[in-house]
Every structure is written in C-alpha cells, then in structure tokens.
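Before any comments, here is the structure.
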Amino acid sequence: MSEKNKILVEAIPQYIEAQSSPEDDRYVFSYTITITNIGAVPATLLTRHWLITDANGKIQEVSGEGVIGEHPHLKPGESFRYTSGAMIETPVGVMQGKYTMISDDGENFKAPIAKFTLSIPRTLH
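Residue numbers for the sequence shown follow full-length UniProt numbering, beginning at 1 and rising by one.
This is how it looks when you write it as structure tokens:
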C-alpha cells in the first residue's frame with residue numbers, strides 16, 4: 001500500500017453477556033471499528049473480508065459489500081465508525097481481515113484489519 005493510499009483500522013471488541021449462552025457454546029461479541037484515512041487521497045470502502053477463529057480452530061469466513069449497508073467515502077483525515085457483531089462457540093477467539101478500498105484516482109488497494117481478540121471477561125474469586 002502506497003503512502004497516498006493508507007487506511008488505519010482500529011477495533012474495540014466487547015462481550016455481550018445478555019445474548020450469550022455458554023451452556024450452548026454460544027458466545028456473542030460486538031466490535032466497534034474505526035476506519036481512518038491517513039493517506040493523501042480520498043477513498044471509498046468497497047468490500048469487507050473477515051476471518052473469525054474460535055479456540056477450537058473453527059474458522060468463519062465473512063465477505064460482503066460495504067459495512068453495515070454503507071460504502072463510506074473518506075477524505076484524508078476523516079474517520080468512519082460502526083459497530084457489528086460476531087458469534088463463536090468458545091469463550092475466546094480472534095478476528096482479522098481486510099477491506100478493499102478504491103481511491104478517488106481509481107486505484108484499488110487493501111486496508112488490513114489487524115488481529116484482535118474476542119474474550120469473555122475473567123471473573124476472579
């Protein structure tokens with residue numbers, strides 16, 4: 001990725017206890033993503049591709065158009081934030097992926113989403 005096309009992706013996961021059912025191997029997480037254009041050229045998010053891996057090694061692959069039904073267009077310095085969710089079968093897992101972007105000058109490029117951990121809070125007795 002060139003310096004003119006540079007996207008920063010930050011993720012904040014959260015366990016959703018009310019929607020989870022550990023006895024049924026159902027652990028629900030939300031994640032809030034902030035996408036910031038730190039490059040020199042405006043760009044539009046076209047597609048997303050996620051790999052969600054639980055502690056058993058089971059991988060869910062999620063691909064699609066845009067994010068939450070939108071294709072955010074980000075000028076240099078602008079950010080877009082959204083929240084979505086994932087469900088896994090173990091108390092801990094990881095997510096990672098990439099967004100496919102297109103710059104206003106017509107160049108397709110990938111914006112990597114660094115691996116982040118999905119984990120239920122630990123209770124100490």
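For each residue, glycine too, the CB sits at the ideal point set by N, CA and C.
- With a cut-off of 8 Å on Cβ pairs, the region 4 to 17 is in contact with the region 39 to 59, counting three or more such pairs.
- Counting C-beta pairs with one atom in each stretch, the region 67 to 78 and the region 108 to 125 have fewer than three that are closer than 8 Å, which means they do not touch.
- Judged by DSSP secondary structure, Ser-21 falls outside any beta strand (DSSP E); it is assigned neither H nor E.
- Between Ser-30 and His-49, the gap from beta carbon to beta carbon reaches 8 Å or more.
- Across the set Val-9, Val-67, His-71 and Arg-26, the C-alpha of Val-9 shows the shortest separation from the C-alpha of Ile-35.
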